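Read the structure below first, then the notes.
Next up, the structure:
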């Protein structure tokens, strides 16, 4: 049984056709943005994000998100409110528990937030009735997946079965987009870093300058420089460009442009 109408199917086909248009002249990262934005418009989402996820099976509950792109956020505070759901210090979290479920099944999975609450995957969530969230995961291999999150602001109706089915249908057809920009081996290396090293790594991958990284983390530029040198040694590179190419494409250079607001889902090391 489906809640998707014939109009929805027509819109989905049109969106996939635009995505594959060879004359569009768009690089893959921009195609990802336009595709996710088109899905967001179809389901009436106010904002969205698309991130790469890596998990550490040796330490259940330890995972990291990187290279996050997105659109629609009204402020950093709004984005931080939603991103707080993904913080591991809150326990398995909506993203942590769901991504493990998708990886174990080896198949894409899409969830409404209330479904995860009923499954007690997010027992510690507060102010949950004020959040409207839809999450979709696509496994890349046994250790990595992508996570797409769609968000509606307060005072709006929650996502329903129709929106869940549309997201599951469309994101299940674009494996090549999910795999673009994901280098599982590099992500597994990143999980082994300390929380502070992971923070600096993410901001470097997002293109932040040393000065901006220092300001965001509340540390000195000299300290940032030390972390950068250590990260270069850890990944066997000599520059930010090489680090980006290694992390996202295993040496290829057409890396996606990630949002500077993206953060690793690890606790801040004091």
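Residue numbers (the UniProt record's numbering): 1 to 270.
Note that beta-carbon positions come from the ideal geometry of N, C-alpha and C, so glycine has one too.
Bear in mind that the values here come from a model prediction, so they are computed numbers and not experimental data.
Taking the C-beta atoms as reference points, residue 36 is found nearer than 9 Å to residue 70. When beta bridges are read from the DSSP output, residue 70 appears opposite 49.
The segment 101-116 and the segment 180-197 do not touch, with fewer than three beta-carbon pairs separated by less than 8 Å. Secondary structure at residue 137: strand, using DSSP grouped into helix, strand and coil.
Residue pairing from DSSP places residue 111 in a beta bridge opposite 135. With a beta-carbon spacing of about 17 Å, residue 152 and residue 165 fall beyond the 8 Å limit used to define contacts. By the Cβ test, the segment 28-48 is in contact with the segment 153-164, since at least three Cβ pairs between them sit closer than 8 Å.
With 16 or more other Cβ atoms from the protein chains shown falling within 10 Å of its own Cβ, residue 73 counts as buried. Beta-carbon to beta-carbon, residue 147 and residue 53 are separated by about 5 Å, close enough to satisfy the 8 Å threshold. Taking C-beta atoms as the reference points, residue 204 and residue 243 count as a pair closer than 9 Å.
With respect to the 9 Å criterion, residue 19 and residue 237 are not classified as neighbours on the basis of their beta carbons.
Of the candidates 68, 112, 233, 81, 112 places its Cα closest to the Cα of residue 157. With respect to the C-alpha of residue 82, the residue from 210, 139, 149, 222 having the closest C-alpha is 149. By the criterion of a C-beta distance shorter than 7 Å, residue 201 is surrounded in its chain by 190, 193, 231, once the five residues flanking it on both sides are discounted.
Look at residue 241 here: in three-state DSSP terms it is helix. With distances taken between CA atoms, residue 58 lies nearest to 188 out of 227, 99, 188.
Take the alpha-carbon of residue 27 and the one of residue 176: they are about 13 Å apart. Counting only residues of its own chain and dropping the five nearest sequence neighbours on each side, residue 246 has a CB closer than 8 Å to the CB of 183, 186, 235, 236, 237. Every alpha helix (DSSP H) stretch that sits fully inside the segment 147-217 and reaches 4 residues is listed by chain position as 161-171, 175-179, 184-191, 195-205, 210-217. The DSSP-derived three-state label of residue 20 is coil. Taking 9 Å as the cut-off, the Cβ atoms of residue 210 and residue 224 count as close. DSSP links residue 145 through a beta bridge to 53, 139. In chain order, 36, 69, 148 place their CB closer than 6 Å to the CB of residue 50, counting only its own chain and leaving out the 5 sequence neighbours on each side. In the structure shown, the three-state DSSP call for residue 64 is strand. By the neighbour-count criterion, in which a residue is buried when 16 or more other Cβ atoms sit within 10 angstroms of its Cβ, residue 29 is buried.
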